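The number in the working numbering is simply the position in the sequence shown, starting from 1, with 1 added. To start, the structure itself, in structure tokens.
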Amino acid sequence: MQLHVLNHPLVEHKLTVLRDKNTPSNIFRELVSELVSLEAYEATRNLAVEDREIETPICTMTGKHLTNPRPMVVPILRAGLGMLDGMTRLLPTAEVGFLGMKRDEDTLDIITYANRLPEDLTGRQCFLLDPMLATGGTTVAATHYLAERGAKDITSINIIAAPEGLKRVEETLDPSIDFKVVVCGVDERLNEHGYIVPGLGDAGDRLYGLI
Ligand code: URA
Numbered sequence: 002m003q004l005h006v007l008n009h010p011l012v013e014h015k016l017t018v019l020r021d022k023n024t025p026s027n028i029f030r031e032l033v034s035e036l037v038s039l040e041a042y043e044a045t046r047n048l049a050v051e052d053r054e055i056e057t058p059i060c061t062m063t064g065k066h067l068t069n070p071r072p073m074v075v076p077i078l079r080a081g082l083g084m085l086d087g088m089t090r091l092l093p094t095a096e097v098g099f100l101g102m103k104r105d106e107d108t109l110d111i112i113t114y115a116n117r118l119p120e121d122l123t124g125r126q127c128f129l130l131d132p133m134l135a136t137g138g139t140t141v142a143a144t145h146y147l148a149e150r151g152a153k154d155i156t157s158i159n160i161i162a163a164p165e166g167l168k169r170v171e172e173t174l175d176p177s178i179d180f181k182v183v184v185c186g187v188d189e190r191l192n193e194h195g196y197i198v199p200g201l202g203d204a205g206d207r208l209y210g211l212i
């Protein structure tokens with residue numbers, strides 16, 4: 002597993018405002034979107050490109066162009082949806098699949114309740130979107146889900162990660178998967194309810210309000 006933590010004053014500033022419990026949902030959504038675009042720049046550093054010959058107004062040249070198959074962006078419902086527009090703003094040609102996963106709040110087990118993904122992901126570069134990498138359970142389950150369909154190059158984009166979750170992902174994932182994590186920050190720990198400390202609370206509730 003490769004871990005990349007964005008280290009930039011703008012990211013630190015936006016993350017502080019995001020964490021503040023007094024930040025309203027509309028600002029929270031905007032900040033998530035901006036942070037994801039910054040993360041997407043880093044996360045897509047190794048996107049596959051091929052040569053393409055074009056004509057500029059001046060001459061012919063060979064430039065780089067994203068290859069097929071198109072990258073696959075997979076928000077994990079529900080909170081991952083809040084990261085989608087920040088990602089597709091930078092990568093508008095990506096295909097978007099969906100995975101519905103949630104935590105059983107008592108056992109902390111992961112339940113997959115929905116999926117909309119191609120059966121064959123061979124050769125696809127995949128990007129998982131989930132704001133909080135907490136216990137790591139969702140990340141492991143989602144990565145295995147994609148890997149079982151042939152994906153070998155998978156990047157998890159999260160806003161905040163907990164050390165316990167990163168450790169679990171590192172220890173559990175099949176090392177043959179080229180797996181990266183891009184985050185804005187790694188926090189102190191998980192509390193007894195599986196929330197990240199200091200964290201930002203429940204990302205889904207803060208994006209969409211309490212249901
Ligand atoms: N999910 C959240 O939304 N927040 C946490 O702190 C942990 C998991």
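Think of the CB as a built atom: it goes at the ideal place given N, C-alpha and C, for glycine as much as any other residue. Please read all numbers here as calculations on a predicted model, not as lab measurements.
The alpha-carbon of residue 44 is positioned some 30 Å away from that of residue 106.
Looking only at 65, 154, 53 and 25, the smallest Cα-Cα distance to residue 181 is reached by 154. DSSP places residue 114 within a strand segment (E or B) once states are collapsed to three. Excluding residues up to 5 positions away in sequence, 184, 186 and 187 lie with their Cβ nearer than 7 Å to the Cβ of residue 6 in the same chain.
Scanning its chain for C-beta atoms nearer than 7 Å, with the 5 sequence neighbours on each side dropped, one finds around residue 164 the residues 187 and 190, in chain order. DSSP places residue 52 in the uninterrupted beta strand (DSSP E) bounded by 50-56. Note on geometry: alpha-carbon atoms of residue 130 and residue 97 lie some 11 Å from one another. Between residue 4 and residue 167, the C-beta gap is smaller than 8 Å, which places the two residues in contact.
In the three-state reduction of the DSSP assignment, residue 86 falls in the helix class, which pools H, G and I. Not one heavy atom of ligand 1 sits closer than 7 Å to the Cβ of residue 209. In chain order, 135, 202 and 203 place their CB closer than 8 Å to the CB of residue 196, counting only its own chain and leaving out the 5 sequence neighbours on each side. Its chain contains 98 as the residues whose beta carbon lies nearer than 6 Å to that of residue 118, once the 5 sequence neighbours on both sides are disregarded; these appear in chain order. Within the chosen limit of 7 Å, ligand 1 reaches the beta carbon of residue 195 through at least one heavy atom.
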